[in-house]
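Chains A and B supply the protein sequences, listed in that same order.
The end of the first sequence is residue 207 by our numbering, with every number in the run present.
The end of the second sequence is residue 207 by our numbering, with every number in the run present.
In this text, a Cβ means the ideal position worked out from N, Cα and C, and glycines have one as well.
Remember, it's a predicted structure, so these values are computed and weren't measured experimentally.
Taking it in order: structure first as structure tokens, then the write-up.
2 protein chains.
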Amino acid sequence: MALSSQLLENAVDQLATLPGIGRRTAMRLALDLLRREPHEVVRFSEAVRRLREEVRYCQECCNISDRPVCDICADPGRDRSMICVVEDIRDVIAIENTRQFKGLYHVLGGIISPLDGIGPEDLHTRELFARVAKGGIAEVVLALGATLEGDTTSFYLHRKLGEHGVQVSVIARGISIGGDLEQVDEITLGRSIADRKPYEQSVRR
Amino acid sequence: MALSSQLLENAVDQLATLPGIGRRTAMRLALDLLRREPHEVVRFSEAVRRLREEVRYCQECCNISDRPVCDICADPGRDRSMICVVEDIRDVIAIENTRQFKGLYHVLGGIISPLDGIGPEDLHTRELFARVAKGGIAEVVLALGATLEGDTTSFYLHRKLGEHGVQVSVIARGISIGGDLEQVDEITLGRSIADRKPYEQSVRR
Chain A
3 MALSSQLLEN AVDQLATLPG IGRRTAMRLA LDLLRREPHE VVRFSEAVRR
53 LREEVRYCQE CCNISDRPVC DICADPGRDR SMICVVEDIR DVIAIENTRQ
103 FKGLYHVLGG IISPLDGIGP EDLHTRELFA RVAKGGIAEV VLALGATLEG
153 DTTSFYLHRK LGEHGVQVSV IARGISIGGD LEQVDEITLG RSIADRKPYE
203 QSVRR
Chain B
3 MALSSQLLEN AVDQLATLPG IGRRTAMRLA LDLLRREPHE VVRFSEAVRR
53 LREEVRYCQE CCNISDRPVC DICADPGRDR SMICVVEDIR DVIAIENTRQ
103 FKGLYHVLGG IISPLDGIGP EDLHTRELFA RVAKGGIAEV VLALGATLEG
153 DTTSFYLHRK LGEHGVQVSV IARGISIGGD LEQVDEITLG RSIADRKPYE
203 QSVRR
């Protein structure tokens with residue numbers, strides 16, 4: 003697509019670098035931005051630039067946080083002997099919404115993905131091992147996606163954390179609550195049969 | 003969604019102002035930007051800011067153009083007696099790709115949409131009337147979307163252009179070429195029956 007404007011071409015190129023945004027959508031976004039007041043677009047552009055330039059992470063759990071220690075890590079009511087390992091801040095929000103976990107988190111900032119060139123050293127793994135090495139941690143709960151990358155990351159962390167003698171657990175996989183059996187994929191269904199448990203233990207509390 | 007970072011909150015808020023981008027997608031985009039090198043995000047942010055601040059429009063057709071007169075308006079091979087009126091630059095690209103139109107364009111920069119508070123004065127309508135008033139224009143082709151807003155805009159332009167005594171036409175509406183009859187909505191089908199033409203005229207040249 004040869005455009006009559008290099009400025010437009012550049013903006014479309016940049017918007018199209020966003021995940022899930024093709025050139026056609028990028029053009030729609032660029033034309034929408036063009037219809038706004040200049041100061042609105044400056045506010046947009048500044049919010050994005052400042053996010054990357056000024057972002058800070060919690061010293062403890064590596065979650066994105068404006069304060070040196072995030073609200074969760076600073077909360078004296080949390081169980082400091084449990085660490086739940088997640089990929090990013092979205093997972094922290096999702097798990098907090100369940101109100102089922104009272105421990106602390108550790109945010110990796112991604113998962114191991116050889117195809118994307120992301121190895122353990124690109125994630126906040128060293129900080130996790132340092133936390134565990136300091137002692138006082140009874141259990142590390144791995145709460146990563148049930149994907150190839152998630153499983154690879156869990157396997158790596160399990161092996162490395164084993165060296166520290168800490169108990170490592172993985173969140174349960176199985177059929178969704180409210181889910182119909184015939185709509186579940188066969189790998190999940192097979193796994194949920196293999197991982198069956200006594201009825202008395204399966205009743206929701 | 004209360005986030006642990008105002009910087010992240012701001013960026014997500016701004017990204018979510020883009021059309022078709024909800025807060026969930028905006029969060030995904032923000033986390034993607036956070037994983038990039040700072041200079042890459044500066045390039046992204048600058049491309050967007052500069053687009054709005056430095057954008058220039060063709061003096062003739064109001065299309066986005068880095069030069070005072072765009073390549074199409076400057077082309078001596080184009081038929082200067084015909085003007086095709088379109089909503090934005092995407093339509094110019096689409097029509098150019100058909101290679102069926104050899105005249106000039108006029109880009110409105112939007113369409114009349116009372117619900118969005120967009121009236122004729124917010125579009126490049128005055129420039130269109132000025133072009134027609136200068137004379138030398140035999141026909142104005144309205145090539146706007148077959149929507150309520152497109153029809154409203156066509157009706158307005160037809161009425162105003164009538165005062166200048168210029169011929170105003172509208173691009174044909176009907177069933178798509180390659181389209182199955184049973185998949186066409188009934189309004190389009192009804193219209194295409196009412197607008198039928200002699201077989202001899204309907205054969206594609």
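Skipping 5 residues on each side, what residues in its chain have a beta carbon closer than 7 Å to that of residue 104/B? Numbered from 1 along the second sequence, position 102 holds the residue referred to as residue 104/B. 80 and 81.
Minimum C-alpha distance to residue 173/A - residue among 161/A, 44/A, 156/A and 167/A: Walking along the first sequence from the start, residue 173/A turns up at place 171. Selection 161/A, 44/A, 156/A and 167/A evaluated against residue 173/A yields 156/A as nearest (Cα-Cα).
Starting from residue 85/A, follow the beta strand (DSSP E) in both directions and report where the run begins and ends. Locating residue 85/A in the first sequence gives position 83, where the first residue counts as 1. Unbroken beta strand (DSSP E) run through residue 85/A: 84 to 88.
Just to check my reading of the structure: residue 148/B and residue 97/B have Cβ atoms closer than 8 Å, yes? What is that Cβ distance to the nearest angstrom? The sequence position of residue 148/B within the second sequence is 146, counting from 1. The sequence position of residue 97/B within the second sequence is 95, counting from 1. In fact, because the Cβ distance is near 15 Å, the residues do not count as touching under 8 Å.
Go ahead and label residue 71/A buried or exposed: buried means 16 or more other beta carbons lie within 10 angstroms of its beta carbon, across all protein chains shown. Locating residue 71/A in the first sequence gives position 69, where the first residue counts as 1. In this structure residue 71/A is exposed. Its beta-carbon is surrounded by fewer than 16 other beta-carbon atoms within 10 angstroms.
Segment limits, alpha helix (DSSP H) that includes residue 55/A: Position 53 of the first sequence, counted from the start, is the residue given in the question as residue 55/A. Start and end: 40 to 56.
At a cut of 8 Å, does the region 87 to 97 of chain A reach the region 127 to 146 of chain A through at least three beta carbon pairs? By the C-beta criterion, the region 87 to 97 of chain A is judged to be in contact with the region 127 to 146 of chain A, since at least 3 inter-stretch pairs fall below 8 Å.
Candidates 22/B, 13/B and 123/B: closest to residue 47/A by CA position: Taking the first residue of the first sequence as position 1, residue 47/A is located at position 45. Out of 22/B, 13/B and 123/B, 13/B has the C-alpha closest to the C-alpha of residue 47/A.
Would residue 130/B and residue 9/A be called neighbours here (beta carbons separated by less than 7 Å)? Sequence index remark: in the second sequence, residue 130/B carries index 128 (1-based). Sequence index remark: in the first sequence, residue 9/A carries index 7 (1-based). Using a Cβ distance threshold of 7 Å, residue 130/B and residue 9/A do not count as a contacting pair.
Assigned exposure category for residue 185/B - 16 Cβ within 10 Å defines buried: Position 183 of the second sequence holds residue 185/B. Per the 10 Å Cβ criterion, exposed.
Is it true that the CB of residue 134/A sits closer than 7 Å to the CB of residue 63/A? Within the first sequence, numbered from 1, the residue matching residue 63/A stands at position 61. Within the first sequence, numbered from 1, the residue matching residue 134/A stands at position 132. Not closer than 7 Å, so no.
Residue 169/B versus residue 132/B - alpha carbon distance: Here residue 169/B corresponds to residue number 167 of the second sequence, with the count starting at 1. Here residue 132/B corresponds to residue number 130 of the second sequence, with the count starting at 1. Spanning the two alpha carbons is a distance of roughly 16 Å.
Cutoff 7 Å: residue 159/B Cβ touching any chain A Cβ: Against the second sequence, residue 159/B aligns to sequence position 157. When Cβ-Cβ separations below 7 Å define contact, residue 159/B makes no contact with chain A.
List the DSSP bridge partners of residue 158/B. For the purposes of this step, residue 158/B is identified with residue 156 of the second sequence, where counting begins at 1. Paired residues: none, contrary to the question.
Reference residue 5/B, options 37/A, 99/A, 124/A and 32/A, closest by Cα: Here residue 5/B is taken as the residue at index 3 of the second sequence, counted from 1. That would be 99/A, whose Cα lies nearest to the Cα of residue 5/B.
Using a Cβ-Cβ cutoff of 9 Å, what residues of the region 34 to 51 of chain A are near chain B? List them in chain order. Within the region 34 to 51 of chain A, the residues whose Cβ lies closer than 9 Å to some Cβ of chain B are 34, 35, 36, 37, 38, 39, 40, 42, 43, 44, 45, 46, 47, 48, 49, 50 and 51, listed in chain order.
Between the beta-carbon of residue 7/B and the beta-carbon of residue 95/A, is there less than 7 Å? Within the second sequence, residue 7/B is the residue found at index 5, counting from 1. Within the first sequence, residue 95/A is the residue found at index 93, counting from 1. In this structure, residue 7/B lies away from residue 95/A, with their beta-carbon atoms at least 7 Å apart.
Run through DSSP, which three-state label would residue 141/A get? If you number the first sequence from 1, residue 141/A lands on position 139. For residue 141/A, the three-state secondary structure derived from DSSP is strand.
DSSP-derived helix/strand/coil call for residue 6/B: The residue you call residue 6/B lines up with position 4 of the second sequence. In this structure, residue 6/B counts as coil in the three-state DSSP scheme.
Is the distance from the Cβ of residue 111/A to the Cβ of residue 126/A below 7 Å? Here residue 111/A refers to the residue found at position 109 when the first sequence is read from its first residue. Here residue 126/A refers to the residue found at position 124 when the first sequence is read from its first residue. Result yes, Cβ atoms of residue 111/A and residue 126/A sit closer than 7 Å.
Closest Cβ-Cβ distance between residue 16/B and chain A: below 7 Å? The sequence position of residue 16/B within the second sequence is 14, counting from 1. So, interface residue.
Taking C-beta to C-beta, are residue 15/A and residue 21/B nearer than 7 Å? In the first sequence, counting from the first residue as 1, residue 15/A sits at position 13. In the second sequence, counting from the first residue as 1, residue 21/B sits at position 19. Against a cut-off of 7 Å, the Cβ pair of residue 21/B and residue 15/A comes out as no contact.
Which partner residues of residue 169/A appear in the DSSP bridge assignment? Looking up residue 169/A in the first sequence gives position 167. DSSP, once it has assigned bridges, lists 141/A as partnering residue 169/A.
Count the other C-beta atoms from every protein chain shown that fall within 10 angstroms of the C-beta of residue 201/A, then say buried if there are 16 or more, exposed otherwise. By one-based count along the first sequence, residue 201/A stands at place 199. Exposed, by the Cβ-count rule.
Within chain B, the residues that residue 73/A reaches when beta carbons sit closer than 9 Å: Against the first sequence, residue 73/A aligns to sequence position 71. Within 9 Å Cβ-Cβ: 6.
Taking residue 141/B as the reference, give the member of 151/B, 150/B and 160/B with the closest Cα. Along the second sequence, one-based indexing puts residue 141/B at 139. Residue 160/B holds the alpha-carbon nearest to the alpha-carbon of residue 141/B among 151/B, 150/B and 160/B.
Would you kindly report the start and end of the unbroken beta strand (DSSP E) that includes residue 134/A? The residue you call residue 134/A lines up with position 132 of the first sequence. Element bounds for residue 134/A: not the beta strand (DSSP E) but the alpha helix (DSSP H), 127 to 135.
So is residue 3/A buried or exposed if we call it buried at 16+ other beta carbons inside 10 Å? For the purposes of this step, residue 3/A is taken as the residue at position 1 of the first sequence. Confidence is the limiting factor: at residue 3/A the pLDDT is only 46, short of 50, which leaves the residue's position unreliable and the question unanswerable from this model.
Boundaries (first-last residue) of the beta strand (DSSP E) holding residue 106/A: Taking the first residue of the first sequence as position 1, residue 106/A is located at position 104. It spans 106 to 109 - the beta strand (DSSP E) in which residue 106/A sits, taken as one unbroken run.
Under 8 Å by beta carbon: chain B residues contacting residue 112/A: Locating residue 112/A in the first sequence gives position 110, where the first residue counts as 1. Those within 8 Å of residue 112/A in chain B are 37.
Determine the chain A residues that contact residue 56/B at a beta-carbon separation under 7 Å, and present them in chain order. For the purposes of this step, residue 56/B is taken as residue 54 along the second sequence, with counting starting at 1. The CB of residue 56/B comes closer than 7 Å to the CB of 9 in chain A, given here in chain order.
Can you find the residues in the same chain that come closer than 8 Å, C-beta to C-beta, to residue 43/A, ignoring five residues on each side of it along the sequence? Position 41 of the first sequence, counting from 1, holds the residue named residue 43/A. If the five residues before and after residue 43/A are omitted, its C-beta is found closer than 8 Å to the C-beta atoms of 35, all from its own chain and listed in chain order.
Helix, strand or coil for residue 23/A, going by three-state DSSP, please let me know. Reading the first sequence from its first residue, position 21 is the one you call residue 23/A. In the three-state scheme derived from DSSP, where H, G and I count as helix and E and B as strand, residue 23/A is classed as coil.
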